[in-house]
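Written below as structure tokens is the structure these notes are about.
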Amino acid sequence: MIKAKYLLWLGISSAAGAATGILSHRKSPEQGGLIGAAVGFLAGSLAVEMHRRLADEDDGISYYSKSSPLYEDFDEAEYL
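This is the structure:
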């Protein structure tokens, strides 16, 4: 499912780039479409990679790690 979502993002960005290239290169729409699709594919690849890296939970500092800014020492006397 995740790979299908990424492929969908790449397809949409490539189609948008191709459409933009066709509209901007009126004298040579084929060339503009190919260049636009390539640029759209690169932009989509960048967006997919950024999303994958930001959504990856293993890269962050865990909550219970002492190096985490959210770490608190647990005082048992306070809760007894």
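In mature numbering (1 follows the signal peptide of the UniProt record, and there is no 0), the protein residues as written are -18 to -1, 1 to 62.
Every residue, glycine too, gets a C-beta built ideally from N, C-alpha and C.
Keep in mind that this is a model prediction, so the values were computed, not measured.
The three-state secondary structure of residue 8, taken from DSSP, is coil.
Distance from the Cα of residue 20 is smallest, within the candidate group 31, 34, -7, 33, for -7.
Close CB contacts of residue 15 within its chain, under the 7 Å cut and outside five residues either way in sequence, are with -1, 3, 4 (chain order). Your pair residue 27 and residue -9 checks out as a contact, with CB atoms roughly 7 Å apart and the cut at 8 Å. Non-local C-beta neighbours of residue -5 in its own chain, meaning closer than 6 Å and more than five positions away in sequence, comprise 19, 22, 23, ordered along the chain.
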